Amino acid sequence: MNSPLSRPRRRVSRPLTTAATLLTALTTAAALVACGPPDTTGAEDLPSSEGELVAMAKEEGEVVLGAGGHTRAQAQLLADKFTEKYGIKVTFVRENSGDIAQKTQAQLTAGSPQFDVVSLNDEATLRVWEEEQVLADPAIADRDAILAPLRGEGTPSYLPFTWGALGYSYNEAAVDPATAPKTWRELAGQSGTFAVADPRSSGAALTFVAAMERIDGDFLPGLGDADTLVTDSALALTQLVATGEADFGVPGVEADIATAREAGEPLTIGYPEGNIGAVPSYIGALAQAQHPAAARLLVRFQLSEEFQAAQVEDGSRAVLSALPEPEGAEELTEDRLVVVDAAELSDRKDELVQAFSSAVGS
Amino acid sequence: MLTTSEAPPVRGRRFTVEKGLPVLWCVGAFFLVAVPVGGLVWRSLQIGDTGVLGLGNYSAALAEPGIIEAIFNSLWIGLATTAGALLIAVPFAFFVSRTDMPGRKFFRSVAVLTFAAPGFIAAMGWILLLGPRNGLLNQYVLTPLGLPAFNIFGPQGIVLVLSFFLYPLIFLPVTDALDNMDSRLEEAAASLGASRWHTLRRIVLPLILPPVFSGSLLVFISAFVIFGPVALLGGPVGFQTIPTAMLQLMSFPPRIEYAAVLALPVLVVLGGLLVLQRRLYGRKRYTTVGGKPGQQRRIQLGRWRWLAFLGGFAVIMISVVLPFGVLLLTSFRKAIGLPLSWDNLVLFDNYRALFDQPEILLSFWNSLWISVVATVGSIVFAVLAAWLVSRARSRFTGVIQPAMLAPLAFPGAILGIAMIIAFSGQPFWIGGTVAIMLLAYLIRVVPQSFTYIHAGFAQLGGETEEAARSLGASWSETMRRVTVPLLRGPILSVAVLNFVLLFRELDISIFLYTGTNSVAPVVLYNLAAESRFQLMGALSVVVLAVNLGIVLLARRFLGVKLSH
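Taken in order, these protein sequences are the chains called A and B. Under my numbering, the letters of the first sequence match residues 14 to 375, in that order. Under my numbering, the letters of the second sequence match residues 308 to 871, in that order.
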C-alpha cells in the first residue's frame, strides 16, 4: 500500500500551512506592487531645443545601449566621452549584432524594452523596425556630412556611425604578410584551409556574399575547390584562424580583427586590390525608450564631429566625409567601397544563401 | 487494513496540508511553466501582427530547407550520445558503487565537474585538443604514434564530446540507486544458484532501470537541444541539428515567433519517451530502500581492480582533465595564435587581469547566490511534485510529470526569449533585474530536479512513511523526519549537480543580461567573443575551482554521496 492518504490519522489544524499561504500571498502581492511599469515620457514629447533636450536627458540620468554594432572598445569610448560631457551614465551591453537584435525584439514583444539605444550591423533588421515604427527619429539635421556610399536613400531613423572593410584575415605568425595574397583571385587560389562565415548568420557575412558577387563573381565558386570550414559566428571564425585550424578567414571584418589584435592575437587583415566590401554599423534610439531624451542625445553625440574625431583617434573609421582615416588604417577611397543596399539584401537573401551553398557546399 | 472509506469521519472541513499541496503545485507550475511556455506558444500562433491565430509559423518554419534533415540529425545525435553516455556511465557507476576499485571516492567527486564550463567552452577546449591540423593531441600524441589524426569537426566529434560531457546525468542517479540497493538481494540470488551475470541481469539491472531511464532521458533531450558544441563542431562541416538550424532561421532578422516552433519536435519526442517510460516501468515497483540502510558488500576485483582503475581514470581524463587542462594551459599563454613555446607563456598575468575588473567579482557573487537559491527552490518544488505523483496519486498525476519536464524541450536561448516575453512586461516588469535571472535559473533545473527526486521516490517504499502517519505524525513531520532523510542521496546529488550546472549557465543568461545583472558565464562568453581566449581560459579555471570547492564542501559538511 503506497498511499498515506488512505490511512486514518489525527486531523489537526495546521497553522503553519495557513501562515505559509498568507505569507506567499503577501509576498507575491508585494512583489507585484514593487514591480511597476517603467515611467517614460515617450520620444514624441521631446523638446526641439538642444538645451532643453540636454536638461531633460540629465534629469533622466542614464541611458542603456544595446551594443551589437559597436566593439567593446567603441562602446566604452562612447560611454566615457558621453558621461564626461553630459554627466549622464551610460550602461551598455556588448554582444554580437544578432543577439542584440533578438533580445531587443523579445523585449519589444513584452512591451518593456530595456535598451534605449540599439546599434547593429544588420540594416535589414533596422529597416523592419523602421517600418514598424519601433525607432524614434533622432532629428539629425546634417545627414549630407555622412559619406555618400554609407548614407543611402531617404532619411531613416537609424544612422551609420562607423564602418569596416570586408577583407580577409590571417595569422601573421603563420603567414608572412609580405607573401599574403594581393587579389581576391590569388586568395581563392591558395592551398590552405579557409574558414568562411555563413551568410545566414550575420549581416556582415551576407553583405560580403552580395559584395563579392559584384567585385569578383568567381571568388566564392573558386573556394568550392578549396578546403573550407563554414562558421556561423565571428567568434568561431577568429578562433579557427588563431588556432591554426584555418589559414584564412573570410570575410575578415576590420572591427573583429582589431579586437583580436587588442587581445594580443597576431591576427591581421588582408585588403585585396580593387573594390572591397564595406559593412556599416548603425545606431538608432527606440521609440519606447525609458530614457528618450538621453537616447536621442546619445545618438546625436555618436554622430557629432567631436565624437567622430575621437573615434578616429581611437582607431575606428568615421562616417563623416570631413574626417581622415585612423592612423595606420588602410586607405580606402569612396570609389573602392562596395556597400550593398539593405533592400537588396532583404530581397535577395535566399538567392544569396543558395548561391553561397552551391559554391562552398554548406 | 483500513481504506479511505473505513477511515474515521473527518470533523468539519479543515484545511490540511495535503489538500493544499496540489493547489500549491498548480500555483508554482503556473508561474514556472505555464506562463513562460504558454506565452511563447501563444506568440508562435500569432500570424505577423494581424492578431490572427493559426499554424502558419509552424508550417513555414518546418518547410524551410534543411529542417527535416536537422530533425533526423538531432535524433541520431541524441541516440548516439545516449548510447555513448550509457556505455560510460552504467559500468562506471557499478565499479564506483559496488566494487573495491581504487580511487572510487575521487572519481565520484570529480565526475560532476564535466559540467563546470559552458558547452561552448568545452567544445573550444576540444578544438584546441583535437583540431585536425593543430590539435595538441593530434600533433603531440596521435601523429608521433603513427595514428591518423582525429577530426573533431563533424558528428563523430559532437558525439564524443557530448557523451563525455553528459554522462554524469546517468552516472550520478545510477550510483545513488546502486548505493541504496541492499546487496542481500544479490546474495539471496547467488545462494539460490544464480550466476553473477544472471544476478546482474535479473536483479541489479531491473532495479536500476528507473534512474537509468530518467538519466538517459535527460541525456537524450540535452543532446537533442544543445547548441554551443554542435554549432562549433558541426557548423564548420555543414552539420546542423534542430537548435542550430532553427536559431539560424529565427535570428537574422529576428523572428521570435519561430521560437516555440523549435520546441515542437522536442516536445513530440519527449512525449513519446514519457509514454515509453510509463510502459516500461510504470506499473512495476522498484523499492530498494525501506527505511534502514541497505547492506553493502563490495565485490572484490582482485588483480582486475587496477584495470578498472585505469578505465575510471580514462573517463575522468577525457571528460575533465583534458578539456580543463587545455584551458589551464591557455590561461598561461600570451596568445593562442602564437606557437606554444616558453616565450609565449606568462605566469599570473591573465589571472591578475581578470581580478583587476570589479565587475567580474560582482558577476561571481551574483552567480553564486542565484545558483544556490534557484537550486533550493527547484528542489522544494520537485519534492512537492514527486510526492504528488508517487504518494498522493491525485488527479493531477497525469499532468505533473509532463509539466515538470516541459522546460527541457526548450534550448536555453529559447527559454531566455520565453522569460523576456513572459516576465519583462506587465504585470511583472522584472526584465533586466536579477529576479528574472533567478526565476529562469529555477525553471532551468526543475526538470532534472524532478527526474532525480521522482526516481528516488520510485526506490523508496511508502511503508515507513505510512507507519509514521499511522503513529500520528503530521504530513510535514513525516516529510521532515522520514521522507526527506530517506531521499537525502538523490536530493543532495541533484543539488550539487544543479549548482554546478547553474554556476556556468550561459544560454539563458546571455538573453536576460542587460548590463546590470551580470553573471560569471556571461563574462566568460564576452571574453571569448572578444578573442581574449587567455582570460577566458583563466576564468574557466576559476569557475572549475569554485565548483570543485563546492563539491568538496558538500562532501565534507553534508556528506554528499558524490564522494561516498
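Glycine residues also receive a C-beta, built at the ideal position from the N, C-alpha and C atoms. Note that the coordinates shown come from a computational prediction; the quantities given were computed from them, not determined experimentally.
Item to check | Bridge-paired residues (DSSP) for V77/A | outcome: As a first step, residue 77/A is located in the first sequence; it is residue number 64 there, counting from the start. DSSP, once it has assigned bridges, lists T104/A as partnering V77/A.
Checklist entry - Just reading off the alpha helix (DSSP H) that T482/B is part of, what are its end residues? => result Taking the second sequence and counting its residues from 1, the one referred to as residue 482/B is at position 175. That run of the alpha helix (DSSP H) goes P475 to N487.
Checklist entry - Between the Cα of P572/B and the Cα atoms of V532/B, L539/B and G541/B, which residue gives the shortest distance? => result The count along the second sequence starts at 1 and reaches residue 572/B at position 265. Answer by Cα proximity: V532/B.
Item to check | Cβ pair L78/A, L311/A closer than 8 Å | outcome: One-based indexing of the first sequence puts residue 78/A at position 65. One-based indexing of the first sequence puts residue 311/A at position 298. Cβ distance < 8 Å, so L78/A and L311/A count as in contact.
Checklist entry - Would you say G598/B reaches chain A, if we count a Cβ-Cβ gap shorter than 8 Å as a contact? => result Within the second sequence, the letter at position 291 stands for residue 598/B. Low confidence applies to G598/B: its pLDDT is 49, below 50, so where it sits in the model is not reliable, and the reading given next is rough at best. No, because no Cβ of chain A sits closer than 8 Å to the Cβ of G598/B.
Checklist entry - Cβ atoms of R811/B and P797/B: under 8 Å apart, would you say? => result Indexing the second sequence from 1 puts residue 797/B at position 490. Indexing the second sequence from 1 puts residue 811/B at position 504. Not in contact: P797/B and R811/B (Cβ atoms no closer than 8 Å).
Item to check | Below-8 Å beta-carbon distance, A323/A vs any chain B residue | outcome: Position 310 of the first sequence holds residue 323/A. Chain B, which has no Cβ nearer than 8 Å to the Cβ of A323/A, makes this no.
Checklist entry - Are the C-beta of K412/B and some C-beta of chain A separated by less than 8 Å? => result Here residue 412/B refers to the residue found at position 105 of the second sequence. Judged by the 8 Å Cβ criterion, K412/B is not in contact with chain A.
Checklist entry - Do you know how far the Cα of A210/A is from the Cα of E340/A? => result As a working note, residue 340/A is residue 327 in the first sequence. As a working note, residue 210/A is residue 197 in the first sequence. Their Cα atoms are separated by approximately 28 Å.
Checklist entry - Counting pairs of beta carbons, one from the region 442-449 of chain B and one from the region 396-407 of chain B, are three or more of them closer than 8 Å? => result no
Next on the checklist: Please state whether the Cβ-Cβ distance between T206/A and D240/A is less than 8 Å.
Outcome noted: Counting from one through the first sequence, the residue named residue 206/A turns up at place 193. Counting from one through the first sequence, the residue named residue 240/A turns up at place 227. Yes, these two residues count as a Cβ contact at 8 Å.
Checklist entry - Just the Cα atoms here: how many angstroms apart are G598/B and A861/B? => result Here the question's residue 598/B lines up with position 291 in the second sequence. Here the question's residue 861/B lines up with position 554 in the second sequence. Below a pLDDT of 50, predicted positions are generally treated as unreliable, and G598/B, at 49, falls in that range; no measurement from the model is reported.
Checklist entry - Quick one: is V332/A near chain B, going by C-beta distance under 8 Å? => result The residue you call residue 332/A lines up with position 319 of the first sequence. V332/A does not count as touching chain B.
Next on the checklist: Tell me the DSSP secondary structure of S756/B in three-state form.
Outcome noted: Taking the second sequence and counting its residues from 1, one reaches residue 756/B at position 449. Correct three-state label for S756/B: helix.
Checklist entry - Is S371/A close to chain B, meaning its C-beta is less than 8 Å from at least one C-beta of that chain? => result For this step, residue 371/A is matched to residue 358 along the first sequence. So no, S371/A is outside the interface.
Item to check | Proximal chain A residues relative to M786/B, where beta-carbon distance stays under 9 Å | outcome: As a first step, residue 786/B is located in the second sequence; it is residue number 479 there, counting from the start. Residues of chain A with a Cβ closer than 9 Å to the Cβ of M786/B do not exist; the shortest Cβ-Cβ separation is about 10 Å.
Checklist entry - Is the CB of E812/B under 8 Å away from at least one CB in chain A? => result Numbered from 1 along the second sequence, position 505 holds the residue referred to as residue 812/B. So, not an interface residue.
Item to check | D189/A in three-state terms, based on DSSP | outcome: Here residue 189/A is taken as the residue at index 176 of the first sequence, counted from 1. If DSSP states are grouped into helix, strand and coil, D189/A belongs with coil.
Checklist entry - Alpha carbon to alpha carbon, how far is Q555/B from P285/A? => result Residue 555/B sits at position 248 when you count from the first residue of the second sequence. Residue 285/A sits at position 272 when you count from the first residue of the first sequence. When rounded, the distance between both Cα atoms is 30 Å.
Item to check | Positions along the region 86-116 of chain A whose CB lies within less than 8 Å of some CB in chain B | outcome: T104, F105, V106, R107, E108, N109, G111, D112, A114, Q115 and K116
Checklist entry - Which value, in whole angstroms, describes the spacing of the CA atoms of S317/A and G328/A? => result As a position in the first sequence, residue 317/A is number 304, starting the count at 1. As a position in the first sequence, residue 328/A is number 315, starting the count at 1. In a straight line, the C-alpha of S317/A is about 17 Å away from that of G328/A.
Item to check | Beta-carbon proximity of L299/A to V131/A, cut-off 8 Å | outcome: Counted from its first residue, the first sequence places residue 299/A at position 286. Counted from its first residue, the first sequence places residue 131/A at position 118. Going by C-beta atoms, L299/A is nearer than 8 Å to V131/A.
Next on the checklist: Suppose you measure from the CA of G257/A to the CA of I643/B; what does that come to, to the nearest Å?
Outcome noted: Here residue 257/A refers to the residue found at position 244 of the first sequence. Here residue 643/B refers to the residue found at position 336 of the second sequence. Those two C-alpha atoms are separated by around 9 Å.
Checklist entry - Which class does G598/B belong to by DSSP, given the choice of helix, strand or coil? => result By one-based count along the second sequence, residue 598/B stands at place 291. Reliability fails at G598/B, whose pLDDT of 49 lies under 50, so the model's placement of it is uncertain and the value that follows must be treated cautiously. It is coil, neither helix nor strand.
Checklist entry - Can you find a C-beta in chain A that's less than 8 Å from the C-beta of T821/B? => result Mapped onto the second sequence, residue 821/B falls at position 514. Chain A, which has a Cβ nearer than 8 Å to the Cβ of T821/B, makes this yes.
Next on the checklist: Run through chain B and tell me which residues come within less than 9 Å of N288/A, C-beta to C-beta.
Outcome noted: Within the first sequence, numbered from 1, the residue matching residue 288/A stands at position 275. Within chain B, no residue comes near N288/A; the closest Cβ sits about 25 Å away, beyond 9 Å.
Checklist entry - Thinking just about the alpha-carbon of each residue, which of A430/B, R702/B, T551/B and V622/B is nearest to the one in L569/B? => result Here the question's residue 569/B lines up with position 262 in the second sequence. The shortest C-alpha separation from L569/B is found at T551/B.
Next on the checklist: Please confirm whether E258/A has its beta-carbon closer than 8 Å to some beta-carbon of chain B.
Outcome noted: Here residue 258/A refers to the residue found at position 245 when the first sequence is read from its first residue. Yes, its Cβ sits closer than 8 Å to a Cβ of chain B.
Checklist entry - Got a sec, what are the start and stop residues for the beta strand (DSSP E) A178/A sits in? => result Along the first sequence, one-based indexing puts residue 178/A at 165. Unbroken beta strand (DSSP E) run through A178/A: L172 to N184.
Checklist entry - Shortest alpha-carbon distance to I510/B belongs to which of I815/B, L352/B, M557/B and E493/B? => result Indexing the second sequence from 1 puts residue 510/B at position 203. The shortest Cα separation from I510/B among I815/B, L352/B, M557/B and E493/B belongs to E493/B.
Item to check | Buried or exposed (CB count within 10 angstroms, at least 16 for buried), P212/A | outcome: Locating residue 212/A in the first sequence gives position 199, where the first residue counts as 1. So P212/A counts as buried.
Checklist entry - If you measure beta-carbon to beta-carbon, which residues of the region 181-193 of chain A are closer than 9 Å to chain B? => result N184, E185, A186 and A187
Checklist entry - Grouping DSSP H, G and I as helix and E and B as strand, with all else coil, what is T389/B? => result On the second sequence, position 82 is the one that residue 389/B refers to. The answer is helix: DSSP assigns T389/B an H, G or I state.
Checklist entry - Mind checking F730/B: buried by the 16 CB within 10 Å criterion, or exposed? => result Counting from 1 along the second sequence, the entry for residue 730/B is found at position 423. Buried, because 16 or more other Cβ atoms sit within 10 Å of the Cβ of F730/B.
Checklist entry - Looking only at its own chain, which residues have a Cβ that is under 8 Å from the Cβ of G373/B, when we skip the five neighbours before and after it? => result Residue mapping note: residue 373/B aligns to position 66 of the second sequence, counting from 1. If we look at G373/B and ignore the five residues flanking it on each side, its Cβ neighbours are Q547 and A552.
Next on the checklist: If the cut-off is 9 Å on Cβ atoms, which residues from the region 274-298 of chain A count as contacting chain B, listed in chain order?
Outcome noted: R274, E275, A276, G277, E278, P279 and L280
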